[in-house]
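Working notes, structure below.
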Amino acid sequence: MKIYRVISLISLIALLLLVTGCATTESQSDSLPTPLADQARLQTLVEGVQLNDTLNPKLWQGDKLDPAVRERLLAMAELFIKDVGFDGVDVKEITFAGSNVGYLYHDKSDVDVHISVDGSPITDDLKLLFRLFNSESDDWNGDFDFRMRGYEVELFMLDHRSPAGSAGVYSLGKDRWITKPEKPTNRVDSAEVLTDVTRFAAEFEVLRANFNTSPDTFDCHEFKSYRRMLKDYRAKQGFQRSGEYSVGNLGFKALRNGGYLDAAKSEQARCLAMKYNPAGNHESSAKTGNGVNWCRSGFSPTAGVTG
Numbered sequence: 020m021k022i023y024r025v026i027s028l029i030s031l032i033a034l035l036l037l038v039t040g041c042a043t044t045e046s047q048s049d050s051l052p053t054p055l056a057d058q059a060r061l062q063t064l065v066e067g068v069q070l071n072d073t074l075n076p077k078l079w080q081g082d083k084l085d086p087a088v089r090e091r092l093l094a095m096a097e098l099f100i101k102d103v104g105f106d107g108v109d110v111k112e113i114t115f116a117g118s119n120v121g122y123l124y125h126d127k128s129d130v131d132v133h134i135s136v137d138g139s140p141i142t143d144d145l146k147l148l149f150r151l152f153n154s155e156s157d158d159w160n161g162d163f164d165f166r167m168r169g170y171e172v173e174l175f176m177l178d179h180r181s182p183a184g185s186a187g188v189y190s191l192g193k194d195r196w197i198t199k200p201e202k203p204t205n206r207v208d209s210a211e212v213l214t215d216v217t218r219f220a221a222e223f224e225v226l227r228a229n230f231n232t233s234p235d236t237f238d239c240h241e242f243k244s245y246r247r248m249l250k251d252y253r254a255k256q257g258f259q260r261s262g263e264y265s266v267g268n269l270g271f272k273a274l275r276n277g278g279y280l281d282a283a284k285s286e287q288a289r290c291l292a293m294k295y296n297p298a299g300n301h302e303s304s305a306k307t308g309n310g311v312n313w314c315r316s317g318f319s320p321t322a323g324v325t326g
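Spelled out as structure tokens, the structure:
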């Protein structure tokens, strides 16, 4: 029994690596997103994540979710559950969360739909499954360009006891608020946000310049460290201090909207491809010993897996 358990866990890890490896490379474009580096455009990014007076009128009728929006989001969630393969998983709740369930929405906000499942007791295997399914959901979200009145829809699986990380959470199944967002009365100093955004933008440009100057000696994981630094900044200067409406969270959103996280991810993939496939065409190196490129072969790493 213990041997089968180890084999199952190893298989899941291998599948996870295949899924994430393919997703990273397949999403990489020949033309990298160019971050907005000049001061005027950075100012525009900061202004784009300021507080709104009402919930998004494109999605809400007062403080009630538009019935047509709710029905479509539920239909998308049901398709996701069926298509990705949640057989036997106890779905506790389907919720709507994120910026569009509060007062910090903007033109590039996502519509985040969370599939909350029973994750008790949490085990290492279950944590791995969450990662595997969410890697699969990244692929799924990329394959299906679902939009809700102009906003991109993103679907994820999480343990129903996990914090939502959102000022507001709305139950799509029960059509009611789980956590109703409160409109902040304080105003964040946009100059302070701009100072942080300018600093992080400059740091990325230095990283990219160093990579382009010395690609052979550059540490590719510097780009990953940069992305982690932005997320830590959001957590420590944002949610842990003043919640969603804080300098850290607004700065992170401005940088994300400006393309800095996507650019760092793309540059890391390009860097790794240059180092480990220097003579090739920089396609995925996720291959087996016989040289088959699973990312290009049409093989589904989750097909036929019974655990």
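So for the sequence shown, the working numbering puts the first residue at 20; every next one is plus one.
Built from N, CA and C at the ideal position, the CB exists for glycine as well.
Owing to the predicted nature of the structure, the values given are computational and were not obtained by experimental measurement.
Exposed unless 16 or more other CB atoms sit within 10 angstroms - verdict on residue i
i: residue 236; result: exposed
i: residue 263; result: buried
i: residue 272; result: buried
i: residue 200; result: buried
i: residue 204; result: exposed
i: residue 121; result: buried
i: residue 81; result: exposed
i: residue 207; result: buried
i: residue 232; result: exposed
i: residue 88; result: buried
i: residue 94; result: exposed
i: residue 117; result: buried
i: residue 96; result: buried
Simplified DSSP state of residue i, which is helix, strand or coil
i: residue 281; result: helix
i: residue 84; result: strand
i: residue 97; result: helix
i: residue 263; result: coil
i: residue 111; result: strand
i: residue 131; result: strand
i: residue 65; result: helix
Sequence-distant residues of the same chain with beta carbon closer than 7 Å to residue i, five excluded per side
i: residue 112; result: 135, 179, 190, 192
i: residue 238; result: none
i: residue 230; result: 237, 286, 290
i: residue 227; result: 286
i: residue 246; result: 280, 283, 284
Short CB-CB distance (under 8 Å) between residue i and chain B
i: residue 165; result: You won't find chain B in this structure, because it holds only one protein chain.
Residues near residue i by beta carbon distance below 8 Å, same chain, minus five either side
i: residue 274; result: 64, 216, 219, 220, 249, 280
i: residue 109; result: 136, 137
i: residue 276; result: 64, 67, 68, 125, 127
i: residue 62; result: 213
i: residue 195; result: 189
Cβ neighbours of residue i in the same chain (closer than 6 Å, five flanking residues each side left out)
i: residue 243; result: 287
i: residue 234; result: 293
i: residue 99; result: 174
i: residue 202; result: 122
i: residue 71; result: 122
Proximity test, residue i beta-carbon vs the ligand SAM heavy atom, cut-off 7 Å
i: residue 73; result: Within the structure as shown, the ligand SAM is missing, as the structure has no ligands at all.
Original post:
Residue ranges of each alpha helix (DSSP H) run of no fewer than 4 residues wholly in the segment 160-237, ordered along the chain?
Top reply: Annotation: the segment 160-237 contains the following complete segments of the alpha helix (DSSP H) (minimum length 4 residues), in chain order: 209-232.
**OP:** Decide if the segment 75-90 is in contact with the segment 267-284; the criterion is three or more beta carbon pairs, one per stretch, under 8 Å apart.
**Re:** In short, these stretches do not touch, since the Cβ pair count stays below three.
Original post:
Pairing CB atoms from the segment 127-138 with CB atoms from the segment 194-214, are three or more of them under 8 Å?
Top reply: The answer is no - the segment 194-214 does not touch the segment 127-138, with fewer than three Cβ pairs under 8 Å.
Original post:
Is the segment 241-255 touching the segment 267-275 in the sense that three or more CB pairs, one from each, lie closer than 8 Å?
Top reply: Between the segment 267-275 and the segment 241-255 there are three or more inter-stretch CB-CB distances shorter than 8 Å, so the stretches are counted as touching.
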